[in-house]
Every structure is written in C-alpha cells, then in structure tokens.
Amino acid sequence: MKVLIVGSGGREHAIAWKVAKSSKVDKIYCAPGNAGIAEIAECVDIGAMEFDKLVAFAKEKAIDLTIIGMDDPLVGGVVDEFEKAGLRVFGPRKNAAILEGSKAFSKDLMKKYNIPTAAYETFDSAEEAMKYLETSKYPIVLKADGLALGKGVLICNTKEEAMDGVKTLMLDKQFGQAGNTIVVEEFMTGREVSVLSFVDGNTIKIMTSAQDHKRAKDGDKGLNTGGMGTFSPSPFYTKEVDEFCKKYIYQASVDAMKAEGREFKGIIFFGLMLTEDGPKVLEYNARFGDPETQVVLPRMKNDIVDVFEACIDGTLDKIDLQFEDNAAVCVVLASDGYPVSYEKGFEIKGLDNFKDKDSYFVFHAGTKLSDGKIVTNGGRVLGVTATGKDLKEARANAYEATKWIDFDNKYMRNDIGKAIDEA
Ligand code: AMP
Ligand code: GLY
Numbered sequence: 026m027k028v029l030i031v032g033s034g035g036r037e038h039a040i041a042w043k044v045a046k047s048s049k050v051d052k053i054y055c056a057p058g059n060a061g062i063a064e065i066a067e068c069v070d071i072g073a074m075e076f077d078k079l080v081a082f083a084k085e086k087a088i089d090l091t092i093i094g095m096d097d098p099l100v101g102g103v104v105d106e107f108e109k110a111g112l113r114v115f116g117p118r119k120n121a122a123i124l125e126g127s128k129a130f131s132k133d134l135m136k137k138y139n140i141p142t143a144a145y146e147t148f149d150s151a152e153e154a155m156k157y158l159e160t161s162k163y164p165i166v167l168k169a170d171g172l173a174l175g176k177g178v179l180i181c182n183t184k185e186e187a188m189d190g191v192k193t194l195m196l197d198k199q200f201g202q203a204g205n206t207i208v209v210e211e212f213m214t215g216r217e218v219s220v221l222s223f224v225d226g227n228t229i230k231i232m233t234s235a236q237d238h239k240r241a242k243d244g245d246k247g248l249n250t251g252g253m254g255t256f257s258p259s260p261f262y263t264k265e266v267d268e269f270c271k272k273y274i275y276q277a278s279v280d281a282m283k284a285e286g287r288e289f290k291g292i293i294f295f296g297l298m299l300t301e302d303g304p305k306v307l308e309y310n311a312r313f314g315d316p317e318t319q320v321v322l323p324r325m326k327n328d329i330v331d332v333f334e335a336c337i338d339g340t341l342d343k344i345d346l347q348f349e350d351n352a353a354v355c356v357v358l359a360s361d362g363y364p365v366s367y368e369k370g371f372e373i374k375g376l377d378n379f380k381d382k383d384s385y386f387v388f389h390a391g392t393k394l395s396d397g398k399i400v401t402n403g404g405r406v407l408g409v410t411a412t413g414k415d416l417k418e419a420r421a422n423a424y425e426a427t428k429w430i431d432f433d434n435k436y437m438r439n440d441i442g443k444a445i446d447e448a
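Converting from the sequence shown to the working numbering requires adding 25 to each position, the first position being numbered 1.
This is how it looks when you write it as structure tokens:
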C-alpha cells in the first residue's frame, strides 16, 4: 500500500512512525512533513491547505490511503475533495469537522443532546456580549467560535479583563473571522484529561487516556501553547470516570452527529475536565492531539492501518483496540521564546542517540534539513518520548533522553508529569 500523510508536526511524525510499522505499507509520503518524517517517508513540498495539489498528487502516485493530521484542512473540507476524486481518505468530512471548527456548533450540540459541558451563551454582537458580561460571575471564559491555533480561549478573572477580551476577539479581530461569534462559558475547575478515539460513523473505540501541559512554563504558568508535554495513561482517568464517559459522552456524541446528518468518521479527541460534578467536555477536536499522539501511539498494539481502514469502511466494531500495559511521557523541546517569538536555524545535535532504541523516541515538530544538517525550524522543535513500566519510570527515561539532544536556545518544562506524584 501507498500512504500519504498530510501535516508537518510531531503528531504527523508519530502517525508516520506507526504507519511505517504496518506490514501492509510499502511506501509513505508526507505533505509537507519535516526532517524527522523524511527519514521514514518521502516528503513532498505541498502545503496542507493546497487541496487541488494534494488530490492531484494522490492520483498521480495512486495513493491507497491518505491520512489528514491537521485541523485546518479538515475544517476546510479536504476530505470532501479527496472523496469527490474517488480517493480513500481518513478524517471527517467538512460537515462533521465542524465539531472542532465551530465552538458554538459543538456547544449547541452538547446542549441539545444532554452531553455534560459547561453552561454557556453565544454572541455575534460585541455589544450584546458586553451587556451580558456586566452582570456575570467571575472568572468566566471567552472562546472564539472558529479555529485560532489553540489561542482563542481567554480566561477572564475580572469584568475588565472580559471587556478587553471581547474587544480583542470581536472588534480587533485578533483571530480574524474566528472571532465573529464568541462563546461565553462558565469557568470550571478540575483536572484535564485528553481522550482520543476512532470513530466510523456509528461505532466509537476509545484509546488510552493522556494528559497535556498547555502552559509554557513550569507550574502551569505562562502563555497557552500547543502543548509542552504529555503523559499516558492519566492516573486520574479512573474506571468510574471511564464508565461515566462511556454512558454520557462518547457514544452520545457520535450518535448526536449522526442524528444531525453529520456522520463523523475519523478521530474525535475529547478534551475533558474532571469536575466535582463529574466529567464535562471542555472541547472536541476532530483530529489526533499534539503532543498526545506522541504518547498514545507508542503504546498502541494494533496495526493502525487496519484501524484507519475500519473507520472508512464502517467496520470498527470488528477491531479489538489494544494498548500496552505500560506508560509513556513526552517532553517537548522548544525554542526559547515560544509561543511568542523565537529564533530558528540552529543545528540540532544528538539525534542519533535515539537510533535502535525500542523505548525512546524523538518525534520531530519544527525541524528541517539545511545544508545536510538538521536545524530548528519552529517553536516546538522535538518531542522526546520514552516508555516505561509505569509513569514514574517513563518520566525518568524521558527526562534522561532530553539530555541527549542539544541545540541553541533549547527550552523545556521541567515538571512534565508532576501530577503523577499526586495520584
Ligand atoms: P479549549 O481550547 O476549549 O480546550 O480551551 C483551552 C484551555 O482553556 C483548556 O485546556 C482549559 O485549560 C481552559 N478552559 C477552556 N474552557 C474552560 C472552562 N470552561 N473552564 C475552565 N478552563 C477552561
Ligand atoms: N494538545 C492539544 C491539542 O492537540 O489540541
């Protein structure tokens, strides 16, 4: 089989690594990919939003399966374009990717189908939003309706912050059209868990749980980022939590999409908060998480290509999804200054230390090949992942492995997985 993966982050590297393990796969292409992906796939210089070029490439190379890693092309309808051309593709169509593409849509869906989530109101006028915020309880959360690189969520502690937030999102349009509509949401507290799942339109199969670390600095301080590290499984995702979510959240979400005429095939990523009143959905994503994927896929036992195909064919009920009884931790090595501004182009040394090691992985995010050397090319540069018999061992292994890598302005959090000690 020939497989094409669309995307260029650590997530896509982890997907490519897992696809490469499939006995069915002879050749992997990645558009546009990065320097790490280039070691296992042929990278092609086509951007993830260049749908016509992607479709033409897939036809020309007779690609058997295309996997879309990123949210933007999914929300933009890339799957519809591939299907129109008669190509096999893994991911939700545009009318289903709206589950991630519009927070107002997802909140209305949860409300209509009684799926537990924070109370909210939706506004498409700044004036109305500000009027509502005059008498709200604080803290409160403002969310841009559309995609905003994970930065469209503002936690406002005071009325003044909230008014500024409305201005930023709706009047100054910091995130463009994404802020035409905003969701104003009740502030919740509790531990966060990321749960990824495969969905074939009807059946949903849950992967092992993970926890992300979204803030830039130790102690969950600093700005929100795409994610600075993850661990899996989450010790807080107990059997009771799992049972609750299976009863009220997972299948209910798939059924709700079907009932709306928006059959969902692909990955649903449930961002959950474990509140005092039970688990609630913070958000849905319509794709694998980054860096959740870097700790989930190394623990997955199945041939992932079988699972992708079962999702497309509607036969996921036949798949017995299995994960190793171990743990994994991923520490992101970033460029100092991320997520605001940072320098690029520094040589990365020590990558060879990961060769031929079964329980250590280095997934590339922002890297590129320049004059025969691998150099930094983004905010999040690498995801150093290690497995272990339990979370503590995996964490020790991952931090040990971060020392094997060196580049100028290397920055990481030193407390990834600290919550493990509180479990
Ligand atoms: P989202 O992109 O919706 O997951 O939001 C990004 C982050 O903002 C989440 O991971 C939470 O840490 C935080 N957040 C979002 N919604 C709420 C909420 N209703 N209450 C408290 N924190 C929230
Ligand atoms: N790590 C969070 C995300 O992928 O959205």
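Beta carbons are placed, not taken as given, at the ideal position from N, Cα and C, and that holds for glycine.
Going along the chain, which unbroken runs of the beta strand (DSSP E) with 3 or more residues stay wholly within the stretch 322–366? 352–360
Where do the N-terminal and C-terminal ends of the beta strand (DSSP E) with Asp-446 fall, by residue? No beta strand (DSSP E) holds Asp-446; DSSP gives it neither H nor E.
Determine, using beta carbons only, whether Ala-335 and Lys-343 come nearer to each other than 9 Å. yes
So, using beta-carbon positions, are Val-209 and Asp-170 closer together than 9 Å? no
For Tyr-145, the nearest candidate out of Pro-258, Gly-35 and Glu-308 (CA to CA): Glu-308
Can you give the Cα-Cα distance for Asn-434 and Asp-446, rounded to whole angstroms? 29 Å
Tell me whether Glu-125 is buried or exposed, calling it buried when 16 or more other Cβ atoms sit within 10 Å of its Cβ. buried
Inter-residue CB distance, Val-191 and Met-155 (contact presumed, cutoff 8 Å): 6 Å
Alpha carbon to alpha carbon, what distance is there between Glu-186 and Ser-384? 45 Å
Does the distance between the C-beta of Ala-143 and the nearest non-hydrogen atom of the ligand ADP fall short of 8 Å? Here the bound small molecules are the ligand AMP and the ligand GLY; the ligand ADP is not part of this structure.
Cβ neighbours of Leu-358 in the same chain (closer than 7 Å, five flanking residues each side left out): Val-406, Leu-407, Val-409, Thr-427, Ile-430, Lys-435 and Met-437
For the structure I just gave you, are there three or more beta carbon pairs, one from the stretch 286–300 and one from the stretch 386–394, closer than 8 Å? no
Are Phe-469 and Ala-173 touching if we call contact CB-CB under 9 Å? Coverage of the chain is limited to positions 26 through 448, which leaves residue 469 absent and any answer about it impossible.
May I ask you to report which of helix, strand or coil DSSP gives Pro-117? coil
Identify whether Ser-48 lies in helix, strand or coil by the three-state DSSP scheme. coil
Does the beta carbon of Lys-398 fall short of 8 Å from some heavy atom of the ligand GLY? no
Going along the chain, which residues of its own chain have a beta-carbon closer than 6 Å to the beta-carbon of Gly-34, five neighbours each way excluded? Asp-315 and Ala-390
Comparing C-alpha positions only, which one of Pro-117, Pro-164, Gly-215 and Val-387 sits nearest to Gly-226? Pro-117
CA nearest to the CA of Asp-237, picked from Ile-373, Ile-231 and Asp-245: Asp-245
Alpha carbon of Ala-39 to alpha carbon of Leu-322, nearest angstrom: 7 Å
Quick check: is the beta carbon of Glu-317 nearer than 9 Å to any beta carbon in chain B? Among the chains in the structure shown there is no chain B, since it carries only a single protein chain.
So, are the CB atoms of Leu-179 and Val-365 less than 9 Å apart? no
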